[in-house]
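Chains as they are written, first to last, in the working numbering: chain A, 1 to 301; chain B, 302 to 602; chain C, 603 to 903; chain D, 904 to 1204.
4 protein chains.
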Amino acid sequence: MTLTPEQLEDIQKSRANPQLTLRAVAPGMERHLYKVQPVLNHGFVRVVDYMGDDGSIVQAARVSYGAGTKHVSNDEGLIRYLMRHWHSTPFEMCEIKLHVKLPVFVARQWIRHRTANVNEYSARYSILDREFYIPEPEQLAAQSVVNNQGRGETLQGEEAERVLEMLKADAGRSYDHYEQMLSQDGQAGLARELARMNLPANIYTQWYWKVDLHNLFHFLRLRADQHAQYEIRVYADAIAEMVKDWVPAAYGAFEDYRMGGVQLSGKGVEVVRRRLAGEVVTQETSGMSKGEWREFEGVFG
Amino acid sequence: MTLTPEQLEDIQKSRANPQLTLRAVAPGMERHLYKVQPVLNHGFVRVVDYMGDDGSIVQAARVSYGAGTKHVSNDEGLIRYLMRHWHSTPFEMCEIKLHVKLPVFVARQWIRHRTANVNEYSARYSILDREFYIPEPEQLAAQSVVNNQGRGETLQGEEAERVLEMLKADAGRSYDHYEQMLSQDGQAGLARELARMNLPANIYTQWYWKVDLHNLFHFLRLRADQHAQYEIRVYADAIAEMVKDWVPAAYGAFEDYRMGGVQLSGKGVEVVRRRLAGEVVTQETSGMSKGEWREFEGVFG
Amino acid sequence: MTLTPEQLEDIQKSRANPQLTLRAVAPGMERHLYKVQPVLNHGFVRVVDYMGDDGSIVQAARVSYGAGTKHVSNDEGLIRYLMRHWHSTPFEMCEIKLHVKLPVFVARQWIRHRTANVNEYSARYSILDREFYIPEPEQLAAQSVVNNQGRGETLQGEEAERVLEMLKADAGRSYDHYEQMLSQDGQAGLARELARMNLPANIYTQWYWKVDLHNLFHFLRLRADQHAQYEIRVYADAIAEMVKDWVPAAYGAFEDYRMGGVQLSGKGVEVVRRRLAGEVVTQETSGMSKGEWREFEGVFG
Amino acid sequence: MTLTPEQLEDIQKSRANPQLTLRAVAPGMERHLYKVQPVLNHGFVRVVDYMGDDGSIVQAARVSYGAGTKHVSNDEGLIRYLMRHWHSTPFEMCEIKLHVKLPVFVARQWIRHRTANVNEYSARYSILDREFYIPEPEQLAAQSVVNNQGRGETLQGEEAERVLEMLKADAGRSYDHYEQMLSQDGQAGLARELARMNLPANIYTQWYWKVDLHNLFHFLRLRADQHAQYEIRVYADAIAEMVKDWVPAAYGAFEDYRMGGVQLSGKGVEVVRRRLAGEVVTQETSGMSKGEWREFEGVFG
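So this is what it looks like as structure tokens:
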């Protein structure tokens, strides 16, 4: 991930000038503001703005005239209660705005989270940079043989080399041609909105993405999950670290009840009860399908 | 509108302690923060938090590394361009959180704006205060005779007195009974979630309401409009004053292109063109219905 | 619940005239179409339209050119997989439109589900009917002593009588005054948008409500839950019966994974594991708060 | 656009079996159901399902017990009134579901319309087909010299040939390498979720897209507009033709008030008034910026 001197200067200027505000301030988040957190080979996440803190969740839940409660421990207990009982609206009272640089195929997954605000760099209006995601060798995984939608072992030797070679060469050639099509040197120059169609899905794009804390947690639950594709998971992980510093109590509750938690089906509850009562239960006697049983045993087997 | 000493103290405490932040600060909005802006006889609006300023709109539109552009005048030109061309996503990058106290029948209109976050005071959990909206005499309007959904002349004399008397007496009696049903003095006491059903629609409720600037402008366009019911319009007007101080360039563009603007139909465009060419056009020759013509003539007649 | 002869005729006319369509038809739902399912003393739910069936969920998940798969059992397996793994978008491909008559205080809870389309009967434009929700004696519950937001024992004897008396008398008097304020007999007549403020929250309103199946399941999970207020739960229960006939496979998966399921926290998973390994775990050694432990023991105790 | 015999058979089977329904049926839409409407070189749009008709808009606006009004002309007048006054919720009561095949760069614009339901063909799970959008020669446009985000003249001669040659060669080579990376012939085979990153933005994808009529009109207003990129506009145009047959009254109102209409700013209204009063107004005396004036004169100049 490389920034131009001009971009670095813009960031430093933004960080150089603290101002007074009466709003809720989250010191843990102020430390992150504007800084670039590198992700993948050319990507990044950086916080551009935020609204609220743990106290704001409590304040809204109570519809109070001041901030939070008097005691931080009370705030935390209430926040855990709200999370446990799916009272989601108080978490919507915190908001975060991120500037993200990411490969297009990651952006295409990300954008499926609809309850968010987005401004993306326009390739109709501007020219994209020559920056492509090329996986690290240890991320060059084979197709999973058990999961149609997952990765298996890491590719080895010549096969890995061939793949990297193809990805690099095709990216380079596509971008060369992109530039040649756009060029107005001795020719008219193709419209930018057309020329971009030649660029592969590992080219980087950027956007401003703004979302409330409830919907961000939903994003993190799906995208920081082990079933998420690695290339979006690293973004979710980077964001999770920031959220932990921003709203530590809410993040703690999220970790316990969502990330570390498990959704048991009615059949799953029944099997746990029977086992606790000493019964031996197998897939055949569980009422579950094979796939469901495999997942259940992954937790309690 | 009356606040308890404890509520006033909470508000003063919130305003007493400015802190340093690296985020964009809107000085015009800091002046409003937490203060109570009275609306109707017991209601209010107060800003509890905000995110962004005019520069944030430009920053997002450009997906830039720093804030806004170098020159305020450039920012304003771009903001007007965005507003004129319905590029709404950059305006979504600003967010505002309000604490509002309002009659239930106003809340029922307000909540129809779905793209917002809300935490309302719970009458299942808590007991509502004895505060009702009673119109000022000049707001006691008769049913409009031309518009099924509007007001006509102000009621006069005995009729006005009778109406005010009924509203006050019914509100008082309903609240007395609400308290008697809830009372646990010598009886079990009805559940709060049931007792509340006896309260009329002019009782006050409160909520935290958070919305982005694009959707707030949509709210203002519909609710600060002359066709909106007076009792919600006064809230919209109070909010509009705050927005003007918060994002003056965006608000200026909104006033010109939305509030002060007019949507002409294809037929309307044609009539204007014909008139500019010197032709006399009447409803009969306009192709418009009578209702549409009346509205058109209200603008250009 | 009473319909006028004219309303009944409208409903019968709608049911009298089946037409040919090429769309997916759900026979179980056709039987419900337009019929009134009574809820509470004057309310109802009736299906006005629907889109899709179980096969439509499979069709969308596969982005296929035809309908569902060849075998119903395959469809069901896939639907259960989608539900288990929170793949919610295929469920959004089914849509339902309901006409609901419900007390205003129920409508106020209901409307908080934002991802839906609503057209409500307008009390600015029209005059509401004299119909109020008055609880059955067995629903006249005392405030819960353990839960701030719940019901306890049923009220008895004179207390119950007093409550019913107050609810009926206040409703009647408020409506009498509503009519007197509106009357144009010898007076101007108050505007409808003002007169309605005198009406209590147990008056009935009506709306058309349209929602996709994923969001409907979310509604049912929260509102058919035992913690939901009885007066909205009976609506959720009535809708659930219709959904069961409409999309039996999806409803079965919903019942098993959502309604009958349990969300275990990370701490809860740990306690189950320790117990299955033979350890005795108490609240003190569980790491859970008292409230959380109580809920956990309610499932596995 | 080519369908396999199996796909054609699926479509014919869907059309072969009309069933009886009590729901509102729109004969104009039944004719379109399931049929493939070709767009661009390999893309298409086809209606997979719909809910409601013109009468459903009226039915919801009136919260009535039956369908529409007695007279089609009354329905149309009400629909025009609703459209003129931005009463959008009745239009949300109609819903449409489309199956669309489209280039990825078009899909990326399209998905920005958030209030819709989408299921896209998954390139993590499945292998994409070798089908790319290659523009027709007359669509090979140069970058506009007046508009950063638009097209100018059509490319000519050798430049056009070079561009087409590059687009075709790069697409072919990228796809060859995609297949080689995926191949499990003598090697492990790269994971599908990784291999897809090599594919350019003109490859075709497919999705099921479901949206209500109000949001569809919003989509059409922006994407059937002359400022929209040609490659998405042709999809919008194809959909508009279907909507016209589905809800002719609503589409007529949309055409008059939205597509054929003009949004005048407050300054624009003033200039029209002054001109109608005989005054000569120029940009300098209009108060408008140059850009705004140019657009204004484009309508009334």
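By construction, the Cβ of each residue, glycine as well, lies at the ideal position given by its N, Cα and C atoms.
Item	Value
Within 9 Å, strictly: CB atoms of tryptophan 989/D and tryptophan 1112/D	no
Counted within 10 angstroms of its Cβ, other Cβ atoms place glutamate 307/B as buried (16 or more) or exposed	exposed
Any beta strand (DSSP E) of 3 or more consecutive residues that is wholly inside the region 482 to 521 of chain B	505 to 513
Interface flag, glutamine 1166/D vs chain B, CB-CB below 9 Å	yes
Against chain D: residues of the region 613 to 642 of chain C by CB proximity under 8 Å	Ile613, Lys615, Ser616, Arg617, Asn619, Pro620, Gln621, Leu622, Thr623, Leu624, Arg625, Ala626, Val627, Glu632, Leu635 and Tyr636
8 Å Cβ shell around leucine 491/B - same chain, five flanking residues per side excluded	Met482 and Leu483
Min CB distance tyrosine 683/C to chain A below 9 Å	yes
Given 8 Å, three or more beta-carbon pairs between the region 237 to 254 of chain A and the region 25 to 32 of chain A	yes
Complete runs of the alpha helix (DSSP H) confined to the region 693 to 731 of chain C [at least 4 residues]	706 to 712
Histidine 1130/D, buried or exposed, once every other Cβ within 10 Å from all chains shown has been counted against 16	exposed
Classification of alanine 771/C by the beta-carbon crowding that lies within 10 angstroms, buried from 16 upward	exposed
For leucine 769/C, the three-state DSSP class (helix, strand or coil)	helix
Residue span of the beta strand (DSSP E) that contains glycine 1055/D, given as start and end	1054 to 1057
9 Å Cβ cutoff, lysine 511/B in contact with chain D	no
Outcome for serine 658/C when other beta-carbon atoms lying within 10 angstroms are tallied against a minimum of 16	buried
Partner residues on chain D for arginine 173/A, Cβ-Cβ distance less than 8 Å	Asp1073 and Arg1076
Under 7 Å by beta carbon: chain B residues contacting tyrosine 806/C	In chain order: nothing, as chain B lies at least about 11 Å away.
Close beta carbons around asparagine 1020/D, own chain, < 6 Å, minus the five adjacent residues each side	Lys1113
CB of glycine 854/C within 9 Å of CB of arginine 682/C, strictly	yes
Contact belief for proline 18/A with leucine 323/B at Cβ below 8 Å, rounded distance in angstroms	5 Å
Isoleucine 1106/D, buried or exposed, once every other Cβ within 10 Å from all chains shown has been counted against 16	buried
Cα-Cα separation between leucine 565/B and leucine 1005/D, rounded to whole angstroms	34 Å
Chain D within 9 Å of tyrosine 723/C, Cβ atoms only	yes
Secondary structure of methionine 890/C, DSSP reduced to three states	coil
Under 7 Å (Cβ pairs) to chain B, residues found in the region 830 to 855 of chain C	Gln831
Inter-stretch contact at 8 Å, needing at least 3 Cβ pairs: the region 532 to 542 of chain B / the region 455 to 463 of chain B	no
Check whether leucine 334/B and valine 349/B have beta carbons under 9 Å apart	yes
Contacts of phenylalanine 1203/D in chain B (Cβ-Cβ under 9 Å)	Val570, Val573, Arg574 and Leu577
Segment contact, 8 Å Cβ cut-off, at least three pairs: the region 636 to 645 of chain C with the region 694 to 708 of chain C	yes
Alpha-carbon spacing of phenylalanine 994/D relative to alanine 277/A, whole angstroms	56 Å
6 Å CB neighbourhood of methionine 890/C in its chain, flanking five on each side removed	Lys869
Nearest residue (CA-CA) to methionine 197/A, options Gly1089/D, Ala1091/D, Leu1067/D and Val1175/D	Leu1067/D
Chain C contacts from the region 977 to 1001 of chain D (Cβ-Cβ distance under 8 Å)	Thr992, Pro993, Glu995, Met996, Glu998 and Lys1000
Span of the beta strand (DSSP E), counted from its first residue to its last, around arginine 46/A	43 to 51
Ordered list of alpha helix (DSSP H) runs contained in the region 543 to 583 of chain B, each at least 4 residues	549 to 555 and 567 to 577
Alpha-carbon to alpha-carbon, glutamate 857/C and glutamate 270/A	14 Å
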